[in-house]
Amino acid sequence: MEQHPKTTVAIFPSPHVLSFSISETGAVELGNFEGKYLQVVLDNLSMDYKFVFPKEKQYGKLLPNGSWNGMIGMLQRGEADLAFTYLTVTEERAKVVNFSTVYTMDACIFVYSATLLSFLIQPIKEPMILTFKELSKAVQRGTHKATFYNFSIPFLLNSEDEDLNILGEIVIRNNWFVHSPKGGSFAYVKYHSIQASNRNPGKLVYSNHKDLYMSEETLYVSPMAFAYGKNFCCPTTLNSIILRLSAAGLYDKFSEIAH
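Per UniProt numbering, residue 1 is the first one in the sequence shown, and the count goes up by one each step.
Below is the structure:
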């Protein structure tokens, strides 16, 4: 019988989104809502696979020399066949990798604390920042810092709103980017320090903290999909599986249970 090589799957374990562990028996265990969904997809693909991880701990960022890091870079260099973990489909990424059928949509919001806590005085509450335009104005005044994922910047720079263009330029100039391992923590969400976040993971991390505000307004809505390289064996089968699971509402069920 012909032996087929294992499919190399790049994943990026992220707090509250996808966990990876190895049991005492040596079995790989995927957890959290994205991990459970990935396991179902891999089971339905019925193929041998192994996991690899991006050494830079990045989803995928375009570098000045035209190459990519993170999971996108692994696909570009042929180090992985398939990549998954909350990957946003962008025009830039689609130039170097292929994307599957979209399995969910998410929106970009921002999270921050408008309350200064002190042991000596009562908490100080300031007027709420409710929109990205108001956020930009606060950043321009120099009273607030705003941290974004790198793939969000084109949405700011290409906006018809000049204040959002300015916000994007300030973020780039100050290198106010989320370093992925810290994105699911409170490293960037502090008094006068605001983080842009995808809504679904943001709810898991921040919704139980009454001193934090999550914006209702969204900067954009983005599609999420598997990414794959030129050597991936089964894009048609993968897309068929995603469509069946979407019809069954499985991803939404995993997400709702997590919340």
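We put the CB at the ideal spot given by N, CA and C, even for glycine.
Query, Result
"Own chain, CB closer than 6 Å to Val89, minus 5 neighbours either side, in chain order", "Phe99, Pro223 and Ala225"
"Neighbourhood of Trp176 by C-beta distance below 8 Å, restricted to the same chain and skipping five residues each side", "Lys145, Ala146, Thr147, Phe148 and Ile170"
"Extent of the continuous alpha helix (DSSP H) run through Met214", "That residue, Met214, is in no alpha helix (DSSP H); its beta strand (DSSP E) goes Leu212 to Met214."
"CB-CB length for residue 263 against Asn165, believed under 8 Å", "The requested residue 263 does not occur in the structure, where the chain is confined to residues 1 to 259."
"Backbone CA spacing between Val9 and Gln140 [nearest angstrom]", "42 Å"
"Status (buried if at least 16 other CB within 10 Å, exposed otherwise) for Ile257", "exposed"
"Distance CB(Tyr202)-CB(Ala80) smaller than 8 Å", "What sits at residue 202 in the sequence shown is Gly, not Tyr. The answer is no: Cβ separation not under 8 Å."
"Integer-rounded CB distance, given that Thr101 should sit under 8 Å from Asn198", "Not confirmed; about 19 Å, so no contact."
"For Ala196: DSSP bridge partner residues", "Phe110"
"CB-CB length for Gly35 against Ser19, believed under 8 Å", "6 Å"
"First through last residue of the beta strand (DSSP E) which encompasses Met224", "Val221 to Met224"
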